[in-house]
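**Q** Submitted below is the structure of interest, expressed as structure tokens.
Take a look at the structure:
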């Protein structure tokens, strides 16, 4: 089959690799219908996260179950399923509590020796714990498939950020970052009842989408000017629920500085310098909480899925470029150069 | 009157200063009965926090109201009152929400131009918002006065740490730091229903007191060995509710490393290097929350006071050395050299 591999910074290829097969009785093999490229894949693409040359890549996919191991009970051949961005066993202490990202047997797609999502098929460890069945008729609905694909990462990650920030009915929320996760955080915040949602971003197509998703205000300034603008919108006090969806020094610094005393920052941007932007003395003096991290999206799928199926939630517009498997390297290039927001891979 | 001043690192003096008087209609003057020296005063003493030469010092006191301004309504001459370690107006947005440390008109005792707690009397701004009346007969009960004095800082700060760490009925808690705040955090955690409380400390008199306050386990190791010991006590997983009551790089690093995935660190140690010990990538990967900061103890006094009055809570043993006002410099020396845990000043 064909699958995406990464060999060096800016060197992503589509190559022939062995077809996956069931290796353990808890495995399944999924033929990928839709996958996509994540902002966090760009860290690897740009050399910010080390990869072994030839390692697979991609951690968001949905598809059709092709084969299952003898112990797999919850999915079977022919089922349409979505996979969260990590696999998990569903039975350990952490999974039982919903923290599937800390699963004792969990792991990441594309880890050495494992398939990545950006390929034609994937061997799925702990299929019962990992995969979630979707309605079969969704397979023929392109828009719905795109929306459902966001359950594998960006939508659940946005939801995690909103929970970390403490968003609730009537909240005022600020979202630092206008990437797909930031945009999904806007959707998630609105879904949780936020009354006012301020998006920080200056890429007009993205902030327009943020408004469509529920943002009530857009702040296009950066740094100190952005902080001033947000404070102007909030009687000088700042925002109680801040979502940090980037992970850089500047984004975290902005998040801290626009937070209201006693508020919380829900952080889901993979830290790449953000520790430097996190002034602990400010957090201390102003009692700002920091909550978040890698999102246990597997846990959130059953909660978010019905809202996608009934149309309440439609994150599908985050995809603004579609490629086939052979077009994945071009997709990376487009996201790296910010000509695409998020690239869908349709097999 | 006599009051403590700080002139340079290790140069704390007791000097003649003007008697305080009511300057604003919202002021009161309180004659100090009991005050004490805080671990955070030691940062100034050791030169770790800058002070203007001659600045007053001390932020924990209780005493008798001597004079009140024309607008003061809730306390009057002769009342026994306790002051939290910051003054606050009780009417701004933050005070209304209970975050008195962010009061728009708040401030710290000992700030330039203001009296400190380690003196014979104090001018109290916003007396109605700041002071809390205590039962008059407590004035003749030495032990009770000591216990009540902890409401001004250490007990409320320990309570804030326990709340930040998410302590609840049945919790397993670890407390990093065996100073007075750490010990009060043990008391607070027990009060909130913690089932298991692990104290980290190797000063035997202090860890004995921790056990008396409710600690079920003591870990005397430091650094990596402490982490291993705590993990051994918790099936290798670590502790869901961690209290960081020191503020140094090592204490924060230990707090992070003993936290269970999905847990929280309640941090109340004034940051002095702790940012360096806070590995944001670990917090991210393991979904560990960080909550805390300067404790709004004014808000906690009405909740904690009844438990002290009925004897349920007795933090008075944190004081292990008593001096008069002239003995304050010796008290600092004793705390600096760790021959005293916490010094009571009886006027």
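Residue numbers (my numbering), protein chains in the order written: chain G, 1 to 347; chain X, 1001 to 1347.
The beta carbon of each residue, even a glycine, is placed where N, CA and C say it ideally should be.
1. Kindly indicate the opening and closing residues of the alpha helix (DSSP H) around residue 103(G).
2. Anything in chain X within Cβ reach of residue 285(G), meaning under 7 Å, just list it in chain order.
3. Residues in the same chain with beta-carbon distance under 6 Å from residue 215(G), minus the five sequence neighbours each way, listed in chain order, please.
4. For the stretch 1024-1060 of chain X, which segments carrying the beta strand (DSSP E) assignment without a break, of at least 3 residues, lie completely within its bounds, in sequence order?
5. Does the beta-carbon distance from residue 1134(X) to residue 1082(X) come in below 7 Å?
6. How would you write the range of the beta strand (DSSP E) that residue 15(G) sits in, first residue to last?
7. Under 7 Å between the Cβ atoms of residue 272(G) and residue 248(G)?
8. Shorter than 7 Å from the beta carbon of residue 1261(X) to some beta carbon of chain G?
9. Going by DSSP, what residue range makes up the alpha helix (DSSP H) through residue 284(G)?
10. So residue 1007(X) is in the beta strand (DSSP E); what residue range does that whole segment cover?
11. According to DSSP, simplified to helix, strand and coil, what is residue 63(G)?
12. Given this structure, state the Cα-to-Cα distance separating residue 313(G) from residue 1250(X), to the nearest angstrom.
13. Pairs of beta-carbons, one from the stretch 1046-1061 of chain X and one from the stretch 1149-1156 of chain X, closer than 8 Å: are there three or more?
14. Using a C-beta cutoff of 7 Å, does residue 275(G) count as contacting chain X?
15. To the nearest whole angstrom, what separates the beta carbons of residue 260(G) and residue 240(G), a pair I think is in contact under 8 Å?
16. So which of 1007(X), 1237(X), 1125(X) has the shortest CA-CA distance to residue 1067(X)?
17. Count the other C-beta atoms from every protein chain shown that fall within 10 angstroms of the C-beta of residue 1108(X), then say buried if there are 16 or more, exposed otherwise.
18. Between the stretch 155-162 of chain G and the stretch 284-302 of chain G, do at least 3 Cβ pairs fall closer than 8 Å?
19. Inspect the beta-carbon positions of residue 1051(X) and residue 1325(X) and report whether they are closer than 7 Å.
20. Counting only beta-carbon atoms, is residue 1100(X) nearer than 7 Å to chain G?
21. Would you say residue 329(G) reaches chain X, if we count a Cβ-Cβ gap shorter than 7 Å as a contact?
22. CB-CB under 6 Å to residue 173(G), same chain, minus the five flanking residues each way: which ones, in chain order?
23. CB residue 1145(X) to CB residue 1286(X), shorter than 7 Å?
24. With 16 as the cutoff for other CB atoms within 10 Å, does residue 1331(X) come out buried or exposed?
25. Within a Cβ cutoff of 8 Å, which residues of the same chain sit near residue 114(G), ignoring the five residues on either side of it in sequence?
26. Near residue 1012(X), which residues of its chain fall below 8 Å by C-beta distance, leaving aside the five closest residues on each side in sequence?
27. Can the beta-carbon of residue 1258(X) be found closer than 7 Å to that of residue 1230(X)?
28. State the beta-bridge partners of residue 1068(X) as determined by DSSP.
29. Can you list the residues of chain X that residue 94(G) reaches, using a CB-CB cut of under 8 Å?
**A** Quick answer:
1. Residue mapping note: residue 103(G) aligns to position 103 of the first chain, counting from 1. That residue, residue 103(G), is in no alpha helix (DSSP H); it is neither H nor E in DSSP.
2. Numbered from its first residue, the first chain carries residue 285(G) at position 285. Per Cβ cutoff of 7 Å: 1293, 1294.
3. Locating residue 215(G) in the first chain gives position 215, where the first residue counts as 1. Counting only Cβ-Cβ distances below 6 Å, and skipping sequence neighbours, we find 186, 197, 199.
4. 1028-1036
5. Stepping through the second chain from its first residue, residue 1134(X) is reached at position 134. Stepping through the second chain from its first residue, residue 1082(X) is reached at position 82. Contact flag set, yes.
6. For the purposes of this step, residue 15(G) is taken as residue 15 along the first chain, with counting starting at 1. Taken as a continuous stretch (DSSP letters only), the beta strand (DSSP E) holding residue 15(G) covers 11-16.
7. On the first chain, residue 272(G) is found 272 positions in, with the first residue counted as 1. On the first chain, residue 248(G) is found 248 positions in, with the first residue counted as 1. Residue 248(G) is positioned such that its CB atom lies closer than 7 Å to that of residue 272(G).
8. Reading the second chain from its first residue, position 261 is the one you call residue 1261(X). Closer than 7 Å: yes.
9. The residue you call residue 284(G) lines up with position 284 of the first chain. Run containing residue 284(G): 280-286, per the alpha helix (DSSP H) assignment.
10. For the purposes of this step, residue 1007(X) is taken as the residue at position 7 of the second chain. Element bounds for residue 1007(X): 1002-1008.
11. Translated into the one-based positions of the first chain, residue 63(G) becomes position 63. Strand, per DSSP.
12. In the first chain, residue 313(G) corresponds to position 313, counting from 1. In the second chain, residue 1250(X) corresponds to position 250, counting from 1. Taking the straight line from one Cα to the other gives about 45 Å.
13. yes
14. Translated into positions along the first chain, residue 275(G) becomes position 275. So, interface residue.
15. Sequence index remark: in the first chain, residue 260(G) carries index 260 (1-based). Sequence index remark: in the first chain, residue 240(G) carries index 240 (1-based). With 8 Å as the limit, residue 260(G) and residue 240(G) qualify as a contact, their Cβ atoms being about 5 Å apart.
16. To locate residue 1067(X), count along the second chain from 1; it is residue 67. For the residues 1007(X), 1237(X), 1125(X), the minimum Cα distance to residue 1067(X) belongs to 1125(X).
17. Along the second chain, one-based indexing puts residue 1108(X) at 108. Classification for residue 1108(X): exposed.
18. Verdict: yes, contact present.
19. Along the second chain, read from residue 1 onward, the residue named residue 1051(X) stands at position 51. Along the second chain, read from residue 1 onward, the residue named residue 1325(X) stands at position 325. In this structure, residue 1325(X) does not lie closer than 7 Å to residue 1051(X) by Cβ.
20. For this step, residue 1100(X) is matched to residue 100 along the second chain. So no, residue 1100(X) is outside the interface.
21. Working through the first chain from its first residue, we reach residue 329(G) at position 329. Answer no: the Cβ-Cβ gap between residue 329(G) and chain X never drops below 7 Å.
22. Translated into the one-based positions of the first chain, residue 173(G) becomes position 173. If we look at residue 173(G) and ignore the five residues flanking it on each side, its Cβ neighbours are 167, 189, 194, 197, 241.
23. Walking along the second chain from the start, residue 1145(X) turns up at place 145. Walking along the second chain from the start, residue 1286(X) turns up at place 286. No.
24. As a first step, residue 1331(X) must be located in the second chain, where it is residue number 331. The residue in question, residue 1331(X), is buried, as its Cβ has 16 or more Cβ neighbours within 10 Å.
25. Residue mapping note: residue 114(G) aligns to position 114 of the first chain, counting from 1. Result list for residue 114(G): 56, 107, 108, 123, 125, in chain order.
26. Here the question's residue 1012(X) lines up with position 12 in the second chain. Cβ within range, chain order: 1004, 1005, 1006, 1045, 1057, 1328, 1329, 1332.
27. Against the second chain, residue 1258(X) aligns to sequence position 258. Against the second chain, residue 1230(X) aligns to sequence position 230. A contact, by the Cβ cut-off of 7 Å.
28. As a working note, residue 1068(X) is residue 68 in the second chain. DSSP lists 1028(X) as partners of residue 1068(X).
29. What you label residue 94(G) is simply residue 94 of the first chain in a count that begins at 1. Residues of chain X passing the Cβ test: 1261, 1262.
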